[in-house]
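Protein chains: 2
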Amino acid sequence: MLRGLPEDWTHAHEGGETWSPFDVLGHLIHGEQTDWMPRVRRILETGDSRPFDPFDRFAQLTASVGKKTPELLDELARLRAANLRDLVALGLAPGDLARKGRHPALGVVTLGQLLATWVAHDLDHIAQIARVLAAQYSDAVGPWRAYLRVISGQPG
Amino acid sequence: MLRGLPEDWTHAHEGGETWSPFDVLGHLIHGEQTDWMPRVRRILETGDSRPFDPFDRFAQLTASVGKKTPELLDELARLRAANLRDLVALGLAPGDLARKGRHPALGVVTLGQLLATWVAHDLDHIAQIARVLAAQYSDAVGPWRAYLRVISGQPG
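Okay, here's the thing in structure tokens:
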């Protein structure tokens, strides 16, 4: 979706403190580094007795400085592949999905919920990236704007 | 996004008459066959004197019957690649983007608006597919639901 796009498009956002696709990539990278697999391991090691470390939603604002979108795409792909290899290597059984952990704000959660959220979180940010990219075409599409829910915010 | 997913996931929708990712693929295929390039050609051939043929938003409900998601993905990729080759072969110049056509409902539009809409329309349906897929995980993510805008509908 982002490979080959001009940097000014991948850096455009919805105004104010909202994130660009470039910011989202940095956020996903930080999640691969500090969130998903470290939390899987925390559950397996200490159950719900020790909460997950809080996730820094703004780490990418400094970590991505000076990088280009293709670098972030490569880094995300590499980290995700390594994390999925590590996940498979854990050899989890269906029964493990009910194992409990503790989220610092949400309280008790299960390993299954964590893994489902890893997937849904990707989808959340894919929808966001589509919306932010489309917003740059709000004027370019002219009267078709009315038919494009991703731009109008209304059901098409 | 959809390659390799189980058919029951790509056929799931948001209830009622809403579309599944499978339905969206059929809609995108029908657009490649009857909408984008035929409208480009209509503008180049007759300007705004003859309106575009209306687009059938429900054609895929019959055209996709009996097909599987991977077939639709292959068909869409093939049609899109052929259409992009045809578009390049037209050798359009920047000045051509202002050429006018007539949409049956929206009235006068430009070739540039049509091409921008081809892109934004993809993004609209990518956001939709992400949302519809994520909706199948509404329960599976447990309390994380509150943080997932794509599921909650609220800014995360």
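First to last, the protein sequences are chains G and P. Here our numbering is used: position 97 in the first sequence is 97, and no number is missing along the way. Here our numbering is used: position 116 in the second sequence is 272, and no number is missing along the way. A virtual CB, placed ideally from N, CA and C, is assigned to each residue, including glycine.
Check whether residue i and residue j have beta carbons under 8 Å apart
i, j, result
"Asp280 (chain P)", "Leu90 (chain G)", "no"
"Val150 (chain G)", "Ala12 (chain G)", "no"
"Ala134 (chain G)", "Ala233 (chain P)", "no"
"Ala130 (chain G)", "Ala215 (chain P)", "no"
"Leu262 (chain P)", "Pro21 (chain G)", "no"
"Leu25 (chain G)", "Leu61 (chain G)", "no"
"His150 (chain P)", "Asp209 (chain P)", "The structure shown does not extend to residue 150 (chain P), since chain P is modelled only from 157 to 312, so the question has no answer here."
"Trp274 (chain P)", "Trp165 (chain P)", "no"
"Ala302 (chain P)", "Ser294 (chain P)", "no"
"Lys224 (chain P)", "Glu170 (chain P)", "no"
"Leu235 (chain P)", "Asp252 (chain P)", "no"
"Pro260 (chain P)", "Pro207 (chain P)", "yes"
"Ala249 (chain P)", "Gln113 (chain G)", "no"
For residue i, the first and last residue of its enclosing alpha helix (DSSP H)
i, result
"His277 (chain P)", "267–291"
"Ala193 (chain P)", "Sequence check: residue 193 (chain P) is Met here, not Ala. Element bounds for Met193 (chain P): 192–202."
"Asp164 (chain P)", "163–166"
"Leu304 (chain P)", "Per DSSP, Leu304 (chain P) belongs to no alpha helix (DSSP H) and is neither H nor E."
"Thr62 (chain G)", "60–63"
Continuous beta strand (DSSP E) stretch holding residue i: start and end
i, result
"Gly101 (chain G)", "100–103"
Proximity test, Cβ basis, 8 Å: residue i and chain P
i, result
"Ala82 (chain G)", "no"
"Leu148 (chain G)", "yes"
"Val40 (chain G)", "no"
"His13 (chain G)", "no"
"Val24 (chain G)", "no"
"Gly112 (chain G)", "yes"
"Thr117 (chain G)", "yes"
"Leu133 (chain G)", "yes"
"Ala77 (chain G)", "no"
Outcome for residue i when other beta-carbon atoms lying within 10 angstroms are tallied against a minimum of 16
i, result
"Ser64 (chain G)", "buried"
"Glu17 (chain G)", "exposed"
"Ala98 (chain G)", "exposed"
"Glu32 (chain G)", "buried"
"Val88 (chain G)", "exposed"
"Ala116 (chain G)", "buried"
"Asp179 (chain P)", "buried"
"Arg42 (chain G)", "buried"
"Arg195 (chain P)", "buried"
"Thr46 (chain G)", "exposed"
"Gly257 (chain P)", "buried"
CB contact check: residue i to chain G, cutoff 8 Å
i, result
"Trp300 (chain P)", "yes"
"Ala286 (chain P)", "yes"
"Gly312 (chain P)", "Low per-residue confidence applies at Gly312 (chain P): pLDDT is 43, beneath 50, and the placement is therefore not dependable enough to give any value."
"Gly263 (chain P)", "yes"
"His277 (chain P)", "yes"
"Val221 (chain P)", "no"
"Ala249 (chain P)", "no"
"Asp280 (chain P)", "yes"
"Ile307 (chain P)", "yes"
"Val297 (chain P)", "yes"
"Leu217 (chain P)", "no"
"Ala254 (chain P)", "no"
"Ala245 (chain P)", "no"
Any non-hydrogen atom of the ligand ADP within 7 Å of residue i CB
i, result
"Asn83 (chain G)", "Among the components modelled here there is no ligand, and therefore nothing to report on the ligand ADP."
### Task
With a floor of 4 residues, list each alpha helix (DSSP H) that falls wholly inside the region 65–102 of chain G, ordered by position along the chain.
With a minimum length of 4 residues, the continuous alpha helix (DSSP H) runs that stay inside the region 65–102 of chain G are 69–89.
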